[in-house]
Each structure stands twice: as C-alpha cells, then as structure tokens.
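Engineer: By UniProt numbering, the letter at position 20 of the sequence shown is numbered 20, and the numbering carries on one by one without gaps. Ideal Cβ positions, reconstructed from N, Cα and C, are used throughout, including at glycine. Remember, predicted model here, so these are calculated numbers, not experimental data. Structure below; questions to follow.
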Amino acid sequence: MALGMGDTKLRILETWRSRSSCAGSLAESVVISKVAVHRHLEDLEREGLVRARLEKNEGRGRPKQVYQAVDEQAPYARMCAEVLTHLKELFGAGLVLEVLTKRNNRLLEELTTHMEGLTLEQKVFRLAEFLVEQGYQASFYFEKGAWYLEQASCPKMALSMEHSEFCQAEQQMYQKLL
C-alpha cells in the first residue's frame, strides 16, 4: 500500500492525469467494475482530487459525466517561482538549493521509515507510489541488470523550468534513498 492511498485510487488518478475519462472507460482501463469506480470517484471528489463535468453525447441520449484530475496548483506555482527568483536575486542561487535540499531531507526521513528492511526492488516500487501521490506519473522497470524510474507529468515542471535546483535537490534525495 502507498503512503496513505490504495492501489486502485492511485491507478485511477494516474489515468486521469493524462486525460479525462468517464467511469465506464475508466473501469475498463483499471479492470474493476463500474460500481467500484463510482465508489472510488466519490472518495476522490470528496478529497478534491477529481472534478466531474457533464459532456454531451454524440447523437442521442443523456449527457455523460466525465471526470478529470484537479490542478489547483497553477496560481501557487507562479507565486512560488516569483518568491524563488527574489530569493536568488537577494541571496544567491545557493540559498534556493539549500532550502530545497532541506525540504527534501524531511521527505527523505519520512520515506526512509517506510523503506527500512526492503529490497531495492521494493524501495523503487515504494518510491514510485510516493511520487504518484505527489502528482507525478511514475513507473519503474528492470532492464539489463538495473532499475529505472520514469517520471512524467511533473507537478513542479513550471517551477523547475526557471529553477533547476528543484531537479537537483530531488535527484540527490533519490540517490540517498536508494
């Protein structure tokens, strides 16, 4: 189990991060019943992680409800980028990396407690679950004797375009963790 969310809910959110979907097609892609999908949808809507909208059918019939992952972070990302830019101007780029490293060290402590005694494969799996909870589309695979972690839909993409320290600090955290 991930840090706080079940596997099925994580798979549902992963599907929605890449596209909007109705409950029926989601049930097919996640391979669970439509009733089970609706139960998960109610939980995810209550938590503010997905939003539903009515979409007119092509042709006749009632409109269908289409669900999409909620991205409420855009205004905060702009504000955060501005603050980081001002910090760089006032105190230098080193401070931004130091702040992000400190944040990631706190996350590292939390993750380490959930990974004690695990094999490398289990650690990579647990890290991928954690990243999905953080808004990434994360997956991993084993090839030619090495584990690879893939990330997509980075929730910090807008920030990291202006402040590469996000990626630097994150990579350092992964190296320490694994």
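With three or more beta-carbon pairs closer than 8 Å as the criterion, would you say the segment 77 to 94 touches the segment 154 to 170?
Structural biologist: A contact exists between the segment 77 to 94 and the segment 154 to 170.
Engineer: Alpha carbons only, please: which of Tyr174, Leu10, Phe166 is nearest the one belonging to glycine 94?
Structural biologist: Translated into positions along the sequence shown, residue 94 becomes position 94. With distances taken between Cα atoms, glycine 94 lies closest to Phe166.
Engineer: How about alanine 77 and alanine 158: do their beta carbons lie closer than 9 Å?
Structural biologist: Counted from its first residue, the sequence shown places residue 77 at position 77. Counted from its first residue, the sequence shown places residue 158 at position 158. Yes, Cβ-Cβ distance for alanine 77 and alanine 158 is below 9 Å.
Engineer: According to DSSP, which residues form a beta bridge with phenylalanine 142?
Structural biologist: Against the sequence shown, residue 142 aligns to sequence position 142. Its beta-bridge partners are Trp147.
Engineer: Let's see if you can read the secondary structure: which residues bound the beta strand (DSSP E) around leucine 108?
Structural biologist: Here residue 108 corresponds to residue number 108 of the sequence shown, with the count starting at 1. Per DSSP, leucine 108 belongs to no beta strand (DSSP E); it is in the alpha helix (DSSP H), 93 to 115.
Engineer: Drop a sphere of 10 angstroms on the beta-carbon of glutamate 170, count the other beta-carbons inside from all chains shown, and report buried for 16 or more, exposed for fewer.
Structural biologist: As a working note, residue 170 is residue 170 in the sequence shown. Burial call: buried.
Engineer: Below 7 Å CB to CB, which residues in the same chain sit around alanine 27 once its five sequence neighbours on both sides are set aside?
Structural biologist: Stepping through the sequence shown from its first residue, residue 27 is reached at position 27. Excluding sequence neighbours, alanine 27 sits near Ser33, Lys34, Val37.
Engineer: Rounded to whole angstroms, what's the CA-CA distance from glutamine 122 to glutamate 129? Just pull it up for me.
Structural biologist: Position 122 of the sequence shown, counting from 1, holds the residue named residue 122. Position 129 of the sequence shown, counting from 1, holds the residue named residue 129. If you take the alpha carbons of glutamine 122 and glutamate 129, they lie about 11 Å apart.
Engineer: Hey, leucine 54 and lysine 9: beta-carbon distance below 9 Å or not?
Structural biologist: Position 54 of the sequence shown, counted from the first residue, corresponds to residue 54. Position 9 of the sequence shown, counted from the first residue, corresponds to residue 9. Taking 9 Å as the Cβ cut-off, leucine 54 and lysine 9 do not qualify as a contacting pair.
Engineer: In or out: alanine 146 buried (at least 16 other Cβ within 10 Å) or exposed?
Structural biologist: Stepping through the sequence shown from its first residue, residue 146 is reached at position 146. When all chains shown are included, alanine 146 counts as exposed.
Engineer: Does the Cβ-Cβ distance between valine 31 and leucine 41 come in under 9 Å?
Structural biologist: On the sequence shown, position 31 is the one that residue 31 refers to. On the sequence shown, position 41 is the one that residue 41 refers to. No.
Engineer: Going by DSSP, what residues sit across from glutamine 137 in a beta bridge?
Structural biologist: Your numbering for residue 137 matches position 137 in the sequence shown. Ala152, per the DSSP bridge assignment.
Engineer: How is the alpha helix (DSSP H) around leucine 41 delimited, first residue to last?
Structural biologist: Residue 41 sits at position 41 when you count from the first residue of the sequence shown. Per DSSP, leucine 41 belongs to the alpha helix (DSSP H) from 34 to 46.
Engineer: Please report the residue range of the alpha helix (DSSP H) in which leucine 177 lies.
Structural biologist: Looking up residue 177 in the sequence shown gives position 177. Counting along the chain, the alpha helix (DSSP H) containing leucine 177 begins and ends at 165 to 177.
Engineer: Reducing DSSP to helix, strand and coil, say where serine 160 ends up.
Structural biologist: Your numbering for residue 160 matches position 160 in the sequence shown. Here serine 160 sits in helix by DSSP.
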